[in-house]
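Participant: Attaching a single structure in structure tokens format; questions to follow.
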Amino acid sequence: MDRTWNNKAWFMVLPVLLLVAFSAVIPLMTVVNYSVQDTFGNNQFFWAGTDWFVKILHSDRFWQALGRNLLFSAIILSIEIPLGILIALNMPKKGIGVPVCLVLMALPLLIPWNVVGTIWQVFGRVDIGLLGFTLKALGFDYNYVNDVFDAWLTLIVMDVWHWTSLVVLLCYAGLVSIPEAYYQAAKIDGASRWAVFRYIQLPKMKRVLLIAFLLRFMDSFMIYTEPFVVTGGGPGNSTTFLSIDLVKMAIGQFDLGPAAAMSLIYFLIILLLSWIFYTVMTSSDEQA
Amino acid sequence: MARINLEHIRHAYGERPKSEADYSLKEVHHEWNDGGAYALLGPSGCGKTTLLNIISGLLQPSEGRILFDGRDVTQLSTQQRNIAQVFQFPVIYDTMTVYDNLAFPLRNRRVPEADVDRRVTEIIDMIGLGGWARKTARGLTADQKQKISLGRGLVRNDVNAILFDEPLTVIDPHMKWILRSQLKKLHRQFGFTMVYVTHDQTEALTFADKVVVMYDGQIVQIGTPAELFERPSHTFVGYFIGSPGMNLLPATIDGNTVALGTDTIALDYSPKVASGAKTELGIRPEFVRLGREGMHVRVNKVEDIGRQKIVRAEFAGKPIAIVLSEDGEIPADPRVTFDPSAINIYADSWRVGREA
Ligand SMILES: Nc1ncnc2c1ncn2[C@@H]1O[C@H](COP(=O)(O)OP(=O)(O)OP(=O)(O)O)[C@@H](O)[C@H]1O
Ligand SMILES: [Mg+2]
């Protein structure tokens with residue numbers, strides 16, 4: 001078959017290439033550039049090779065922060081995903097309740113991150129915050145500034161409050177797409193509530209759940225603003241996540257080299273984990 | 001296996017039905033005999049699915065009661081009524097295998113696994129998916145899915161009734177024929193009460209002992225195929241059953257005389273017709289004789305359909321169809337007579353019998 005090749009069409013992608021270059025590739029390469037050099041100020045740079053990477057990978061500080069990140073993501077995922085599914089299952093399917101619920105659900109998602117942090121920072125204070133004060137008055141020894149457990153609890157509750165809606169909305173979208181006939185067939189077949197969930201609702205929600213899972217994982221793994229505002233990484237280093245540590249290193253201590261190396265490692269970890277989750281969660285689809 | 005009585009069932013989907021038109025099901029009052037095989041026939045939107053859903057309990061009727069063997073089940077759930085239903089749009093559980101799909105209704109009812117296996121194997125063979133048992137249902141074709149959906153309806157043999165809502169629409173004609181005879185065999189074997197919804201009158205007439213014709217939310221006639229053909233009790237049945245449908249001619253009735261335009265026909269009885277009613281004479285194309293005697297017609301067109309010819313003609317200003325045998329002749333001055341025993345008189349679309 002004779003074909004005429006016309007490569008002019010490639011020019012069409014040029015604007016996009018430029019855009020991506022300026023918004024992603026060039027900044028990323030700057031970071032790569034920093035990560036392999038050392039500086040003592042005066043804009044003088046020296047080749048440092050993989051030194052920074054080796055140093056980061058050997059530092060306890062890095063591994064502890066990474067551990068905190070993983071723990072945090074694991075906890076919030078294991079709360080937000082089941083809770084989101086549960087709420088979505090119980091949301092009304094028709095009537096006036098639908099828009100009311102949807103708006104209520106969307107509200108927390110509309111609030112900017114740092115405002116969420118501020119809200120909870122104030123909300124949890126034992127002197128003036130409603131939550132902190134009430135807990136204290138009820139006799140609980142709650143103080144997120146001094147107590148590691150309380151600090152974590154506050155962050156987790158805050159994240160659940162802020163982001164469960166996202167899971168709910170995605171699951172709800174999956175649920176309403178199920179035709180009524182499936183529920184009718186299930187009734188005829190005598191399926192239990194659990195069987196309906198397991199064989200009708202869950203399979204239909206699978207795709208949106210995958211998206212919810214990945215979004216929540218990536219986002220919680222990159223969490224920065226909220227702990228920065230609420231706990232500032234403390235007490236001690238107990239809520240110092242990779243992102244907070246990174247900013248401390250880069251801006252606080254101006255260690256550009258190690259910070260750049262660390263951000264690259266951080267980036268690769270997110271990429272790797274997301275890829276693993278995606279592969280594992282979609283692999284069952286391809287068997288069919 | 002149960003006798004099912006529908007007592008003055010009415011149903012409206014809207015909250016507060018105001019007029020008769022708001023009811024999707026207007027007054028259905030009917031008994032389905034234990035072990036009967038019924039075909040439910042009717043045009044789209046006439047309420048067939050609605051009626052089935054009311055019987056199976058998926059839908060609560062707005063008014064009326066449902067009795068199984070004399071017991072009021074109106075408030076009982078689908079599960080308690082123990083009815084199998086095959087849906088118009090096939091439903092399959094696509095993460096399960098074909099085998100598990102068919103086993104699902106049994107396992108949910110805690111049937112011992114040995115019995116499950118026996119029943120499922122039987123049904124899988126019947127629907128011709130033997131080789132597919134262990135495959136996930138997701139990748140199947142539309143007709144295979146419909147077969148699974150049908151199979152799930154047949155797998156339980158202790159049900160009160162099986163309701164089929166157009167179960168074979170995408171199945172090819174040959175397989176359709178096989179499955180239909182299998183259904184009849186199962187019916188003879190287990191004696192379920194069966195209701196079979198279809199658009200297809202041949203399917204209805206071959207499947208059922210009794211055909212129920214629905215039109216506009218009502219049951220307009222229940223009868224054997226022969227009764228529907230010879231004595232349609234509603235003009236819709238006359239039009240819907242048979243091909244071509246019954247000829248309907250506007251008529252004026254005076255005692256036992258029927259006036260059709262300028263012609264008159266004398267009946268051997270006097271239909272009792274309320275004054276002011278719209279009266280029509282119905283005659284099937286098969287019972288119109290074309291010859292040299294009788295009333296004038298103008299022949300417009302002749303369609304040859306193999307063993308017969310259909311003559312499209314104009315009679316007293318109205319179109320009329322006449323069935324002619326293959327070697328039938330059309331005379332130069334064509335005239336028609338109507339077989340007196342095949343004449344039906346309708347007042348406001350309902351048949352006026354000899355008795356009335
Ligand atoms: N869930 C519903 N809500 C409101 N109206 C409905 C609903 N289901 C059916 N109807 C209406 O009720 C009437 C009867 O519908 P039904 O589905 O029983 O018809 P059908 O005889 O099964 O038609 P078909 O041959 O197209 O399946 C139709 O006018 C339809 O629009
Ligand atoms: Mg229908």
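One line per chain: the protein sequences are G and V, in this order. So for the first sequence, UniProt numbering puts the first residue at 1; every next one is plus one. So for the second sequence, UniProt numbering puts the first residue at 1; every next one is plus one. By construction, the Cβ of each residue, glycine as well, lies at the ideal position given by its N, Cα and C atoms.
#1: Which term fits Y269(V), buried or exposed, when burial requires 16 or more other beta carbons within 10 angstroms of its beta carbon?
#2: Identify the contact partners of S192(G) in chain V, using a Cβ-Cβ distance below 9 Å as the criterion.
#3: Under 7 Å between beta-carbons, which chain G residues line up against Q85(V)? List them in chain order, please.
#4: Near ligand 2, which residues have their beta-carbon closer than 7 Å to a heavy atom?
#5: In the DSSP assignment, find the beta strand (DSSP E) that holds E63(V) and state where it starts and stops.
#6: Does any heavy atom of ligand 1 sit closer than 8 Å to the C-beta of Y13(V)?
#7: Could you give the DSSP three-state label for H39(V): helix, strand or coil?
#8: Excluding five sequence neighbours on each side, which residues of the same chain lie with their C-beta closer than 7 Å to the C-beta of R335(V)?
#9: Any beta carbon from chain G within less than 9 Å of D115(V)'s own beta carbon?
#10: Out of curiosity, what's the CA-to-CA distance linking K318(V) and V302(V)?
#11: Under DSSP, the alpha helix (DSSP H) around residue 365(V) begins and ends at which residues?
#12: Please classify P340(V) as buried or exposed, where buried requires at least 16 other C-beta atoms within 10 Å of its C-beta.
#13: When every heavy atom of ligand 1 is checked, does at least one fall within less than 8 Å of the C-beta of S44(V)?
#14: Listing by chain order, which chain V residues have their CB less than 9 Å from the CB of A181(G)?
#15: For Y172(G), would you say it is in contact with chain V, using Cβ-to-Cβ distances shorter than 9 Å as the test?
#16: Of all the options G14(V), I265(V), V220(V) and E326(V), which has the alpha carbon lying nearest to the alpha carbon of G255(V)?
#17: Does the Cβ of M214(V) lie closer than 8 Å to at least one heavy atom of ligand 1?
#18: Show which residues of chain G have a CB atom less than 7 Å away from the CB atom of T95(V).
#19: Just to confirm the assignment: which complete alpha helix (DSSP H) runs, minimum length 4, are found wholly within the segment 155–219 of chain G?
#20: Nearest to V91(V) by alpha carbon, out of M126(V), P167(V) and W132(V)?
#21: Report yes or no: do the segment 189–207 of chain V and the segment 154–165 of chain V share at least 3 C-beta pairs separated by less than 8 Å?
#22: Whole angstroms are fine: how far does the CA of R284(V) sit from the CA of N247(V)?
#23: Where are the alpha helix (DSSP H) runs, 4 residues long or more, that stay fully inside the segment 204–284 of chain V, in chain order?
#24: Any beta carbon from chain V within less than 9 Å of Q184(G)'s own beta carbon?
#25: In or out: A288(G) buried (at least 16 other Cβ within 10 Å) or exposed?
#26: Our contact map puts M209(G) next to C171(G) with C-beta atoms below 8 Å; I'd like the distance itself, whole angstroms only.
#27: Compare the Cα-Cα distances from N90(G) to each of E80(G), C101(G) and V230(G) and report the closest residue.
#28: Is G217(V) close to ligand 1? I mean its beta-carbon at under 8 Å from any heavy atom of the ligand.
#29: V311(V) by DSSP, collapsed to three states: which one?
#30: Counting only the same chain and skipping the five closest in sequence on each side, list residues whose C-beta sits under 6 Å from that of P112(G).
#31: Thinking just about the alpha-carbon of each residue, which of G257(G), L175(G), N69(G) and T279(G) is nearest to the one in T239(G)?
#32: Rounded to a whole number of angstroms, what is the C-alpha to C-alpha distance between N300(V) and I310(V)?
#33: I believe P203(G) touches T224(V) by the beta-carbon criterion, under 8 Å. Please report the beta-carbon distance rounded to the nearest angstrom.
#34: Return the residue from the list L104(G), N33(G) and A185(G) that minimises the CA-CA distance to L166(G).
#35: Could you have a look at F46(G) and say whether DSSP puts it in helix, strand or coil?
#36: Among the residues of its own chain, which have a CB less than 7 Å from the CB of F338(V), if the five just before and after it don't count?
Facilitator: For this structure:
#1: exposed
#2: N108
#3: I188
#4: K48(V), T49(V), Q88(V), D165(V), E166(V) and V197(V)
#5: E63 to F68
#6: yes
#7: The sequence shown places Ala at residue 39(V), rather than the His named in the question. In the three-state DSSP reduction, A39(V) falls in the strand class (E or B).
#8: G291, R292, E293, G294, M295, H296 and V297
#9: no
#10: 16 Å
#11: Residue 365(V) lies beyond the residue range present for chain V, which begins at 1 and ends at 356; the question has no answer from this structure.
#12: Around the CB of P340(V), fewer than 16 other CB atoms lie within 10 Å, so the residue is classed as exposed.
#13: yes
#14: F87, Q88, F89, P90 and V91
#15: no
#16: I265(V)
#17: yes
#18: Y199 and P203
#19: Correct list: 180–188 and 193–196.
#20: P167(V)
#21: Result yes; three or more Cβ-Cβ pairs closer than 8 Å.
#22: C-alpha separation (whole angstroms): 6 Å.
#23: Entirely contained in the segment 204–284 of chain V, the alpha helix (DSSP H) runs reaching 4 residues are, in chain order, 225–230 and 235–240.
#24: By this cut-off, Q184(G) is an interface position.
#25: With a pLDDT of 42 at A288(G), under the threshold of 50, the predicted position of this residue should be treated as unreliable, though the coordinate-derived value follows. Exposed, since its Cβ has fewer than 16 Cβ neighbours within 10 Å.
#26: Residue identity check: residue 209(G) is Leu in the sequence provided, not Met. 7 Å between Cβ atoms; contact.
#27: Residue C101(G) holds the alpha-carbon nearest to the alpha-carbon of N90(G) among E80(G), C101(G) and V230(G).
#28: At least one heavy atom of ligand 1 is nearer than 8 Å to the Cβ of G217(V), so yes.
#29: Strand.
#30: none
#31: N69(G)
#32: 11 Å
#33: Wrong, their Cβ atoms sit about 46 Å apart, outside the cutoff.
#34: L104(G)
#35: strand
#36: I265, I283, F287 and V288
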